[in-house]
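Line by line, the protein sequences give chains A and B.
236 is the number of the first residue of the first sequence in the working numbering; add one for each residue after it.
366 is the number of the first residue of the second sequence in the working numbering; add one for each residue after it.
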Amino acid sequence: MEKSIAKQFEQIKSIFKEDKNFKEKVEFETQMLAFTFISEIEQLMEEKGMKRKDLAEAVGTSAGYITQLFRGNKLPNLSILAAMGIAVNKQFNIVPVDSLESARNQKQQIPESPYNLSNEFEKGNPFNDFNKLKKDCNVIKMYETNHKSKSCVNE
Amino acid sequence: MAKKDCFLISNNQDNSIEIYLSIDAYVDFGKQVLRQQSKLKKFRYIIECLYRGITNPDIYEEYKKKYLGTAAFKLNKGNTNVRIYCKYVQNEDKTQKRITLHKVHSKRRQKLGNIEDGILKAIQKQEYNYGKIDSKTI
Numbered sequence: 236m237e238k239s240i241a242k243q244f245e246q247i248k249s250i251f252k253e254d255k256n257f258k259e260k261v262e263f264e265t266q267m268l269a270f271t272f273i274s275e276i277e278q279l280m281e282e283k284g285m286k287r288k289d290l291a292e293a294v295g296t297s298a299g300y301i302t303q304l305f306r307g308n309k310l311p312n313l314s315i316l317a318a319m320g321i322a323v324n325k326q327f328n329i330v331p332v333d334s335l336e337s338a339r340n341q342k343q344q345i346p347e348s349p350y351n352l353s354n355e356f357e358k359g360n361p362f363n364d365f366n367k368l369k370k371d372c373n374v375i376k377m378y379e380t381n382h383k384s385k386s387c388v389n390e
Numbered sequence: 366m367a368k369k370d371c372f373l374i375s376n377n378q379d380n381s382i383e384i385y386l387s388i389d390a391y392v393d394f395g396k397q398v399l400r401q402q403s404k405l406k407k408f409r410y411i412i413e414c415l416y417r418g419i420t421n422p423d424i425y426e427e428y429k430k431k432y433l434g435t436a437a438f439k440l441n442k443g444n445t446n447v448r449i450y451c452k453y454v455q456n457e458d459k460t461q462k463r464i465t466l467h468k469v470h471s472k473r474r475q476k477l478g479n480i481e482d483g484i485l486k487a488i489q490k491q492e493y494n495y496g497k498i499d500s501k502t503i
């Protein structure tokens, strides 16, 4: 490989290692928060067979605006986040990344929930995805135990 | 088909995702991505999304079926629709992925046309020699 080409590749590589200043870091992390949320919404939409047009209607915006958000060309505000959450019938919360990771790690270790939720849900079964809900409850329970707060599950 | 050289330009902390740039693509990559601030910014966002596992098909898409093993970084902003078509390979247990940037392309139509079809089929056949540049040896 020619030295000049090697130098250019090295320059390209260095671009990804450049330290960002505070303003750039804020901008970067803002965009990452938006992408994280959009990624969740996208998965939920796929699970529900929901199209972008349906989401736009539910949120009260245009499909074009939703596309801009998905592409990262526009940033959603908190009202849009809340509206999207309502549209996909999911409540979102903000937790630090390390709490999430700890919850994920412990999720694999925790035993089956002692709460017998299945009987309750099987009566009316208003939820399509019972197993996922049950897992979510396990995580919530575990998370709350970690934070020494009262359980959210009404026995 | 002869193997092409490509070199590592970025990787995540545990090296489970590595981004390589093909030697044939580095000139276009420099002109159309690195020298254009908005494209470069978006490219960096997409790479970070890949590392964090939060991509969506509007920014990074791995093609299935017809073009299996290929992917696209979508750097569209405003009227431009610049894409970087790539080849990705994974190990058997899918714990490591190598993505090689193969071609920078301005897509004109909404659907994949003949030009894109040709590029993606060529990428599918292409094999690479994966290399790393050691700054000490330059």
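Virtual Cβ for every residue (Gly too), placed ideally from N, Cα, C.
Owing to the predicted nature of the structure, the values given are computational and were not obtained by experimental measurement.
Item, Value
"Alpha helix (DSSP H) runs wholly inside the region 435-497 of chain B, at least 4 long, in chain order", "479-490"
"Below-7 Å beta-carbon distance, T271 (chain A) vs any chain B residue", "yes"
"Segment limits, beta strand (DSSP E) that includes K369 (chain B)", "K369 to N376"
"Residue-chain proximity (K248 (chain A), chain B), Cβ-Cβ < 7 Å", "yes"
"C-alpha gap between Y416 (chain B) and A293 (chain A), whole angstroms", "31 Å"
"Own chain partners of T460 (chain B) with C-beta closer than 8 Å, once the 5 adjacent residues on each side are dropped", "S381"
"Integer Cβ distance of Q491 (chain B) from K452 (chain B), believed to fall under 8 Å", "6 Å"
"Buried or exposed (CB count within 10 angstroms, at least 16 for buried), R463 (chain B)", "buried"
"Residues that F372 (chain B) contacts on chain A, provided the C-beta gap is smaller than 7 Å", "F244"
"DSSP three-state assignment for E390 (chain A), whether helix, strand or coil", "Here the model assigns E390 (chain A) a pLDDT of 40, short of 50, so the residue's position is not dependable, and the following value carries that caveat. If DSSP states are grouped into helix, strand and coil, E390 (chain A) belongs with coil."
"Cβ-Cβ separation, I498 (chain B) to E245 (chain A) (assumed contact under 8 Å), whole Å", "5 Å"
"For I424 (chain B), three-class secondary structure by DSSP", "coil"
"7 Å Cβ cutoff, N328 (chain A) in contact with chain B", "no"
"Residue from B:A437, B:D370, B:N444 and B:R473 whose Cα sits closest to the Cα of F408 (chain B)", "B:A437"
"G434 (chain B) vs Q489 (chain B) beta-carbon contact at 7 Å", "yes"
"Alpha carbon of F257 (chain A) to alpha carbon of K486 (chain B), nearest angstrom", "43 Å"
"Proximal residues to N446 (chain B) (C-beta, below 7 Å), its chain only, five neighbours per side dropped", "S471 and K472"
"Assigned secondary structure, I273 (chain A) (DSSP; H/G/I helix, E/B strand, else coil)", "helix"
"Neighbourhood of A269 (chain A) by C-beta, 8 Å cutoff - its chain only, sequence neighbours within 5 removed", "L304, G307, L310 and P311"
"Neighbour flag for G320 (chain A) against chain B, beta carbons, 7 Å", "no"
"Limits of the unbroken beta strand (DSSP E) element including I250 (chain A)", "First-last for I250 (chain A): K238 to I250, but that is the alpha helix (DSSP H), not the beta strand (DSSP E)."
"Where V398 (chain B) falls, given that 16 or more other Cβ within 10 Å makes a residue buried", "buried"
"CA-to-CA distance, F272 (chain A) to E262 (chain A), given in whole angstroms", "16 Å"
"Under 7 Å between C-beta atoms of I247 (chain A) and I374 (chain B)", "yes"
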